[in-house]
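One structure below.
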DNA sequence: GACTGGCACTCGTTACAGTCGAGTGCCAGG
DNA sequence: CCTGGCACTCGACTGTAACGAGTGCCAGTC
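Residue numbers (the numbering used here), protein chains in the order written: chain U, 1 to 340; chain X, 1001 to 1340.
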């Protein structure tokens, strides 16, 4: 399977033209628009080889060629260079992110920015609790038998939950419990918390024991298991660009997938360190997204990663541009988080 | 413009058939499927009148009739009775809403439930802050110059915001400020809060003045102006049912509108007391939604209204069913809130 | 051996004509 | 006021033909 330089050039040209025009590209058009230095007939021969190898295909006989998922994969792996951002984009990113007052604010601005720049669907994961440490725990008495438990993480995330106590609990006891919890838990990573919470309960004076037990179970259940991850989404309207040609005509499966938080997490919850992940069409584990591509990466203050972000679009997308934007946004968000 | 009973019956039949089949309905089919007791020719005459009055129209000559927005309006106002919920639906609602632990949880479950039952896009507004009262204000020291301001409302809403203090502030001062704020503000409606906040600042001892000033401005800005309203959304995938015939072929404007929080608020932020509002097609103030209908209502514990919820779908929707579901869900949510 | 020009072929797209039939409007009669 | 009948309209569908973009293959050239 020799794929010499020219064949690769042909593939690159096909991908670029197809992404730009959205139409199958033929041999003649190719030689006209790119300086390949050979005739259409030669290109046709190359195309035949590329097709045999599965990098491109013909929608019908007597139509031009279209890249396959495999073709895009080869393109992003070997044929494209990450496109530098335009100064305008750079400025847009900076302008967009200054003035954020809040983690919520940062996340919302980021997801909108990403959607706008890439003109695709953007997804941003809130800093993962598992990757955060406890900065402070607060118990706010609502009534004698009810507390609001508020946890503030170093990443800026704040989670709260109403706790129904087994018995009326005086204010002093609440103060004691607050102190106990903070003494033992502040500074610990949330992923390491469960055993510590257990320990706090066991070490607590017996008259606090019942209340502490409820508290701890709520703490574990809510903060570690249930709510663990949050997600923001923007730009779904961008799915309708490309007039129903993308996504083989039906947005249905895509929209369905985007409604499932679990699915979204799988999408952008990064596995490996800070690499940019690119899933093209069939490479997606999620069936509903077999017609889409996802570009995602991790972000966080400095070198640590606390969450993921990315975009989802048609397989026929501008990979170099998208990759550049996703990385740049992730970097800026990381810097922003580092400042807090 | 005499619209006698039979003409109204014809209109009702047209609406019902069109909603069910999604196809223009002709005179012959009508008499077959409904017991009108007259011949197709008579129905045709009635149709001609209905068309003249603007209640129905023909997509093309020699096609059946389709209701106009005006026709739907007449239908919901005078021709339909709210459909009682099926026991199954009733059970679904109850099952879905038990076990909610949180305001967040309630809202999320509600919006999903509503989307599922109506098979349309559901929108739920969080209890409006303007309609809530302060239950508690908490100041959590993060560092000597940083506080987390947490406000808990009686509706269960919790808002927080990071505050950058003008100067390092000792813990005792923070305690004092917390006490001051709570003394003056707990129990007040948030819409009445601004002047009170002002008063608290002015009455506070001079050494707390600078910190209190920043605090109060953050309080006012964030909690009253900016974040005021929150919204949850679900069921966008339902827009793709009805195969692009609804919404005149393009989801674009709808999806765009749904991304704008302001727009959503306008949609379901109710004006009048507890009436159910129905906006059909052109009646929508928002241009992007001229091809859609919105059914919304207020909800809240007991008779008071703290927020709105509703659904958005094609003008060609099952109004009686949708209205019944929206109202029922609103009522259940109200009861749920009343229990807290 | 690699490239090229030429050529026959495929097949989707477009245009046009013709038929079918659902549905209408109108009218004369009960 | 209702009804049956009838002529008419017009979109949907079908079949045919011309068009053309694009291909694969082959013989010829460097």
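C-beta: ideal position from N, C-alpha, C; glycine also.
Straight-line Cα distance separating residue j from residue i
i              : j              : result
residue 1201/X : residue 1214/X : 10 Å
residue 1141/X : residue 151/U  : 13 Å
residue 1309/X : residue 1232/X : 9 Å
residue 249/U  : residue 168/U  : 60 Å
residue 184/U  : residue 172/U  : 19 Å
residue 72/U   : residue 236/U  : 23 Å
residue 325/U  : residue 220/U  : 37 Å
residue 1190/X : residue 1155/X : 11 Å
residue 1230/X : residue 1269/X : 11 Å
residue 56/U   : residue 92/U   : 36 Å
residue 22/U   : residue 1131/X : 51 Å
residue 1240/X : residue 3/U    : 43 Å
residue 330/U  : residue 113/U  : 11 Å
residue 218/U  : residue 1311/X : 33 Å
residue 1265/X : residue 1125/X : 7 Å
residue 10/U   : residue 47/U   : 8 Å
residue 337/U  : residue 1146/X : 16 Å
residue 1133/X : residue 1127/X : 11 Å
residue 111/U  : residue 34/U   : 36 Å
residue 253/U  : residue 1014/X : 32 Å
residue 1209/X : residue 1186/X : 20 Å
residue 1303/X : residue 205/U  : 45 Å
residue 1095/X : residue 1089/X : 10 Å
residue 234/U  : residue 1005/X : 49 Å
N-terminal and C-terminal residue of the alpha helix (DSSP H) that residue i is part of
i              : result
residue 1216/X : 1209-1218
residue 330/U  : 319-339
residue 1350/X : This structure cannot speak to residue 1350/X, because chain X is shown only from 1001 to 1340.
residue 1019/X : 1005-1021
residue 253/U  : 252-259
residue 78/U   : Unbroken run through residue 78/U: none, as it is neither H nor E.
residue 109/U  : 103-118
Opposing strand residues paired with residue i [DSSP bridges]
i              : result
residue 1136/X : 1152/X
residue 280/U  : 293/U
residue 1268/X : DSSP output for residue 1268/X lists no bridge partner at all.
residue 35/U   : The partner list for residue 35/U (beta bridge, DSSP) is empty, contrary to what the question assumes.
residue 299/U  : 307/U
residue 163/U  : 147/U
residue 313/U  : 293/U
residue 1056/X : 1067/X
residue 1189/X : 1133/X
residue 141/U  : 147/U
residue 25/U   : 65/U
residue 1158/X : 1152/X
Residue range of the beta strand (DSSP E) that includes residue i
i              : result
residue 1234/X : 1231-1234
residue 1125/X : 1121-1125
Whole-Å CB distance - residue i paired with residue j, under 8 Å assumed
i              : j              : result
residue 1280/X : residue 1322/X : Rounded, the Cβ-Cβ distance is 12 Å, inconsistent with contact.
residue 65/U   : residue 54/U   : Contact flag wrong, Cβ pair sits at about 12 Å.
residue 1377/X : residue 1067/X : The structure shown does not extend to residue 1377/X, since chain X spans only 1001 to 1340, so no value can be given for it.
residue 129/U  : residue 182/U  : Contact doesn't hold; Cβ gap of about 17 Å is too wide.
residue 290/U  : residue 284/U  : 6 Å
residue 148/U  : residue 165/U  : The pair is not a contact, with the Cβ atoms about 12 Å apart (cut-off 8 Å).
Residue i: CB within 7 Å of a non-hydrogen atom of the ligand NAP
i             : result
residue 210/U : With respect to the ligand NAP, the structure offers nothing, as it holds no ligand at all.
Where the region 141-162 of chain U meets chain X: residues whose CB sits under 7 Å from a CB there: If you check each beta-carbon in the region 141-162 of chain U against every beta-carbon of chain X, the ones closer than 7 Å belong to 142, 148, 150, 152, 158, 160, 161, 162.
Any C-beta of chain U within less than 7 Å: which residues of the region 1119-1141 of chain X qualify? Residues passing the 7 Å Cβ filter: 1135, 1136, 1138, 1140.
What residues in the region 1211-1242 of chain X have a beta carbon less than 7 Å from any beta carbon of chain U? Contact residues of the region 1211-1242 of chain X toward chain U are 1234, 1236, 1237, 1240 (C-beta to C-beta distance below 7 Å).
Under 7 Å (Cβ pairs) to chain X, residues found in the region 305-323 of chain U: If the cut-off is 7 Å between Cβ atoms, the region 305-323 of chain U has nothing near chain X.
Residues within the region 1247-1276 of chain X neighbouring chain U, beta-carbon criterion of under 8 Å: Those would be 1250, 1251, 1252, 1255, 1256, 1258, 1259, in chain order.
Under 9 Å, CB to CB, which of the residues in the region 1086-1101 of chain X have a partner in chain U? Considering only beta carbons, the part of the region 1086-1101 of chain X lying closer than 9 Å to chain U consists of 1101, in chain order.
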